[in-house]
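Asker: First, the structure itself, so that you have it in front of you.
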Amino acid sequence: MRSLVFLCAQKVACHHTALRTALEFIPKELYPVLFKAAFMDRRTLVLQDLVQTWPFPVLSFQKLLRKCQHCERALIQEKPNRLCVQTVILGVMAYLYEALESRHHNQSKRQRLKVLDMTGLQEDGLDQSPESMSLWSRTVTIAKACIDVSKHQSKYTKRTSKRRKGPYSSTVALPPPISVEVRVDLFVNSTSYGVLKDALQTNANSALRLKCRDFRAEELSIASTVGLLEFLDPSGVRQVDLRFNNLGLSGLRVVLPHMAKFTNLMSLKLPYSNIDVRRLTAGMEGSLVYFANQLSRLACLKELNLGSSRLSGKLRQLLGDLQGPLESLELAFCFLLPNDLSYLSQSLHTPALKKLDLSGNNLSDCLLQPFQQLLSEASSSLLHLDIMECRLTDPHLASLLPALCRCSRLRYLGIFGNPLSTKGLKNLLHRTVGLLDLQLVIYPYPVDCYTEDLPWPPTSANLLNGSVDEEKFSRVSAELQQMLLSANRPDAVWTTNLCRHNTLDYFNL
Numbered sequence: 059m060r061s062l063v064f065l066c067a068q069k070v071a072c073h074h075t076a077l078r079t080a081l082e083f084i085p086k087e088l089y090p091v092l093f094k095a096a097f098m099d100r101r102t103l104v105l106q107d108l109v110q111t112w113p114f115p116v117l118s119f120q121k122l123l124r125k126c127q128h129c130e131r132a133l134i135q136e137k138p139n140r141l142c143v144q145t146v147i148l149g150v151m152a153y154l155y156e157a158l159e160s161r162h163h164n165q166s167k168r169q170r171l172k173v174l175d176m177t178g179l180q181e182d183g184l185d186q187s188p189e190s191m192s193l194w195s196r197t198v199t200i201a202k203a204c205i206d207v208s209k210h211q212s213k214y215t216k217r218t219s220k221r222r223k224g225p226y227s228s229t230v231a232l233p234p235p236i237s238v239e240v241r242v243d244l245f246v247n248s249t250s251y252g253v254l255k256d257a258l259q260t261n262a263n264s265a266l267r268l269k270c271r272d273f274r275a276e277e278l279s280i281a282s283t284v285g286l287l288e289f290l291d292p293s294g295v296r297q298v299d300l301r302f303n304n305l306g307l308s309g310l311r312v313v314l315p316h317m318a319k320f321t322n323l324m325s326l327k328l329p330y331s332n333i334d335v336r337r338l339t340a341g342m343e344g345s346l347v348y349f350a351n352q353l354s355r356l357a358c359l360k361e362l363n364l365g366s367s368r369l370s371g372k373l374r375q376l377l378g379d380l381q382g383p384l385e386s387l388e389l390a391f392c393f394l395l396p397n398d399l400s401y402l403s404q405s406l407h408t409p410a411l412k413k414l415d416l417s418g419n420n421l422s423d424c425l426l427q428p429f430q431q432l433l434s435e436a437s438s439s440l441l442h443l444d445i446m447e448c449r450l451t452d453p454h455l456a457s458l459l460p461a462l463c464r465c466s467r468l469r470y471l472g473i474f475g476n477p478l479s480t481k482g483l484k485n486l487l488h489r490t491v492g493l494l495d496l497q498l499v500i501y502p503y504p505v506d507c508y509t510e511d512l513p514w515p516p517t518s519a520n521l522l523n524g525s526v527d528e529e530k531f532s533r534v535s536a537e538l539q540q541m542l543l544s545a546n547r548p549d550a551v552w553t554t555n556l557c558r559h560n561t562l563d564y565f566n567l
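Numbering of the sequence shown is given in this note's numbering, commencing with residue 59 and proceeding in unit increments.
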């Protein structure tokens, strides 16, 4: 639904020339609704003019593109349009160039815009559509903008300093510096490393300054990773995500001390870091102790992802000295042992856990009983549970159901890749349909829907590579949907679509 104000804003945004001449007469209260209308309809010329004359100190994508009283469409939850995002950045650059020029000519002009907040836009992975803009592309675009502004600023500074030279130059009052802080999430890899490093190096004195909220780096060397971490403003960083960097314990020993300065760091993700504690040498044991010690220094840490690390028997050592309880713990494919889950179920973390990922650990054998205990202890807080590819059959799942049904706040359940039958899935749905907050279940193709006989018990590879009888599966899917409707739960989504996975981000739990 759109209000009359919003419909009028859309009409006005259609006529760029008329709007430009009328901007100085438009009440500033109408700028937000005009911005959203122009962004929605991709009126880039109007967007740039609005940004250049923005009357408020903050321009925030999250606030301007959310659902509002004038328009229920939440653009912030959609993939951002490339041209619109680029236009906003160009508008800020033009605003700064104009301000620098006026300072150069000693024209007194009050700075209005001080913060551009680009956080919260949807991440689209790599650019999958020419119209959308991924986090990687946004990182490169804003980094190049910072470099360009810094170059222009240097020219203005040189011209101004020449003009001020003279016997009385010391008495001439310099105008206050002008700058816009850009709050961003950054994603860097080996391709974009150079341009981001150059941008961050100019940060201290640039009129366009990056302030990173969430930092993600992939496939970087240890030296490159450390170099970028050193340039980040420590006060703004809430998440560091280092993946596919092949750091190992020796690399983490180098990198982690540089995170101590991030006093507001809440989330640390280190998946695929090539950690293997199963064959520790004396030197590696020391590195593991050092790693645990550095983790304990992160006072605000609430989320930890050590996925695809081989941590067998070492959870107590790694998590035992943390200053506060974790609320999100991802230990997928970590080759955990019973004593790891036993420790976890008795630790300070479990009663606070909102998100738990144990995918890829074999929960069907000796881990089953300690996992039951862990699930019971976390039942009052758990919102998100991933147990994909854990070799759970119908009997295993049945034994977990009493504890699972006590998780009254659960919103998400991932069980894809487990060898469950149609009967087992129906039993799961029947038993959990009373969990009224459970909105999304990612379930596996039932083993009785495969065209060939599977080896028993089937591996994850058997299930992923096996051929599914689509006609059989369609009938099962329809039956599950009918069960949801009969239970008056049309709001719940049961799907095999892994693209829905990770819908619940930790910071949105």
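No residue lacks a Cβ here, since even glycine has one placed at the ideal position from N, Cα and C.
If I measure Cβ to Cβ from L184 and keep anything under 8 Å in the same chain, skipping five residues before and after, which residues do I get?
Answerer: Any reading at L184 must be qualified, since the residue scores a pLDDT of 49, below 50, and its modelled position is unreliable; no value is offered.
Asker: Just to confirm my understanding: we take T177, look at its own chain, exclude 5 residues before and 5 after, and list those with CB closer than 7 Å. What are they?
Answerer: Contacts found: Q120, R241, V242, D243, R271.
Asker: Between which residues of its own chain and H454 is the CB-CB distance below 8 Å, once the five residues before and five after are set aside?
Answerer: Taken in chain order, the residues that qualify are L421, S422, L426.
Asker: Please say whether C358 and L328 have beta carbons closer to each other than 7 Å?
Answerer: Not a contact, by the Cβ cut-off of 7 Å.
Asker: Are the C-beta of S544 and some C-beta of chain B separated by less than 7 Å?
Answerer: Looking at the structure shown, chain B is missing, and only one protein chain is on hand.
Asker: Starting from D415, follow the beta strand (DSSP E) in both directions and report where the run begins and ends.
Answerer: Counting along the chain, the beta strand (DSSP E) containing D415 begins and ends at 413–415.
Asker: List the whole-angstrom C-beta distance separating D138 from S190, where the pair is believed to meet the contact cut-off of C-beta under 8 Å.
Answerer: A quick correction: the sequence has Pro, not Asp, at residue 138. At roughly 7 Å, the Cβ-Cβ gap stays under 8 Å, so P138 and S190 are in contact.
Asker: If we count the other Cβ atoms within 10 Å of its Cβ and call it buried at 16 or more, is S248 buried or exposed?
Answerer: S248 comes out exposed.
Asker: Below 7 Å between beta carbons: does that hold for A95 and Q135?
Answerer: Cβ atoms of A95 and Q135: not closer than 7 Å.
Asker: Measuring alpha carbon to alpha carbon, tell me which residue in L122, S370, K413 is nearest M437.
Answerer: In the sequence on display, residue 437 carries Ser and not Met. Closest by alpha carbon: K413.
Asker: From what residue to what residue does the beta strand (DSSP E) around A275 run?
Answerer: Unbroken beta strand (DSSP E) run through A275: 266–276.
Asker: Do you know offhand how far V230's Cα is from T215's?
Answerer: With a pLDDT of only 48 at V230, under 50, the local geometry of the prediction cannot be trusted, and the value read off the model is given with reservation. The straight-line gap from Cα to Cα measures roughly 15 Å.
Asker: Apply the 10 Å Cβ neighbour rule to T480 and answer buried if 16 or more other Cβ atoms are within range, or exposed otherwise.
Answerer: By the 10 Å Cβ count, T480 comes out buried.
Asker: Out of curiosity, what's the CA-to-CA distance linking V353 and V63?
Answerer: Per the sequence shown, residue 353 should be read as Leu rather than Val. If I take the Cα positions, the gap works out to 51 Å.
Asker: Which value, in whole angstroms, describes the spacing of the CA atoms of D549 and Y501?
Answerer: Taking the straight line from one Cα to the other gives about 16 Å.
Asker: Which residues does DSSP list as the beta-bridge partners of E361?
Answerer: Answer is S325, S386.
Asker: Report the rounded CA-to-CA distance for L338 versus K372, giving the unit in angstroms.
Answerer: So the two alpha carbons sit approximately 11 Å from each other.
Asker: Along the chain, which unbroken stretches of the alpha helix (DSSP H) at least 4 residues long are found entirely within the stretch 465–553?
Answerer: Listed in chain order, the complete alpha helix (DSSP H) runs (minimum 4 residues) inside the stretch 465–553 are 480–490, 518–523, 528–544.
Asker: Give me, in chain order, the residues of the same chain whose beta-carbon lies closer than 6 Å to that of R336; leave out the 5 immediate sequence neighbours on both sides.
Answerer: So the qualifying residues of the chain are R368, S370.
Asker: Would you call N303 buried or exposed, if buried means 16 or more other Cβ atoms sit within 10 Å of its Cβ?
Answerer: The residue is buried, with at least 16 neighbouring Cβ atoms inside 10 Å.
Asker: If you drop the 5 nearest sequence neighbours on each side, which residues of the same chain put their C-beta closer than 6 Å to that of K319?
Answerer: Cβ neighbours of K319 beyond the five flanking positions: P292.
Asker: According to the Cβ coordinates, are C507 and F531 closer than 7 Å?
Answerer: In contact: C507 and F531 (Cβ atoms closer than 7 Å).
Asker: Tell me the rounded alpha-carbon separation between S585 and L286.
Answerer: Residue 585 lies beyond the residue range present for the chain, which begins at 59 and ends at 567; the question has no answer from this structure.
Asker: Roughly how far, in whole angstroms, is the beta-carbon of L416 from the beta-carbon of I445, given that I think they are within contact range, below 8 Å?
Answerer: About 6 Å; that satisfies the 8 Å criterion.
Asker: Please report the Cβ distance between S87 and V173, rounded to the nearest whole angstrom; I am assuming they are in contact, meaning their Cβ atoms lie under 8 Å.
Answerer: Looking at the sequence provided, one finds Glu at residue 87 rather than Ser. With 8 Å as the limit, E87 and V173 do not qualify as a contact, their Cβ atoms being about 19 Å apart.
Asker: For L426, which of helix, strand or coil comes out of DSSP?
Answerer: Looking at L426 - three-state DSSP - the assignment turns out to be helix.
Asker: Keeping to the same chain, check which residues put their C-beta closer than 7 Å to that of Y401; ignore five residues upstream and five downstream.
Answerer: Excluding positions up to five away in sequence, the list reads L373, R374.
Asker: For S525, count neighbouring C-beta atoms within 10 Å of its own C-beta (all shown protein chains included) and say buried if the count is 16 or more, exposed if not.
Answerer: The residue is exposed, with fewer than 16 neighbouring Cβ atoms inside 10 Å.
Asker: Let me check understanding here. Comparing Cα to Cα, which of N351, G365, L389, R469 lies closest to V551?
Answerer: Residue R469 is the option with its Cα nearest to V551.
Asker: Which residues in the same chain have their Cβ closer than 7 Å to the Cβ of S279, if we skip the five residues on either side of it in sequence?
Answerer: Answer for S279: no residue qualifies.
Asker: Tell me, to the nearest whole angstrom, how far the beta carbon of S345 is from that of S403; I am working on the premise that it is less than 8 Å.
Answerer: With 8 Å as the limit, S345 and S403 do not qualify as a contact, their Cβ atoms being about 28 Å apart.
Asker: Buried or exposed: which applies to S264, given that a residue is buried once 16 or more other Cβ atoms fall within 10 Å of its Cβ?
Answerer: Result: buried.
Asker: With DSSP collapsed to three states, give me the class of E156.
Answerer: The answer is helix: DSSP assigns E156 an H, G or I state.
Asker: Got a sec, what are the start and stop residues for the alpha helix (DSSP H) H454 sits in?
Answerer: Counting along the chain, the alpha helix (DSSP H) containing H454 begins and ends at 452–462.
Asker: Out of curiosity, what's the CA-to-CA distance linking R355 and C142?
Answerer: Computed Cα separation, rounded: 41 Å.
Asker: Grouping DSSP H, G and I as helix and E and B as strand, with all else coil, what is L421?
Answerer: Three-state DSSP puts L421 in coil, outside helix and strand.
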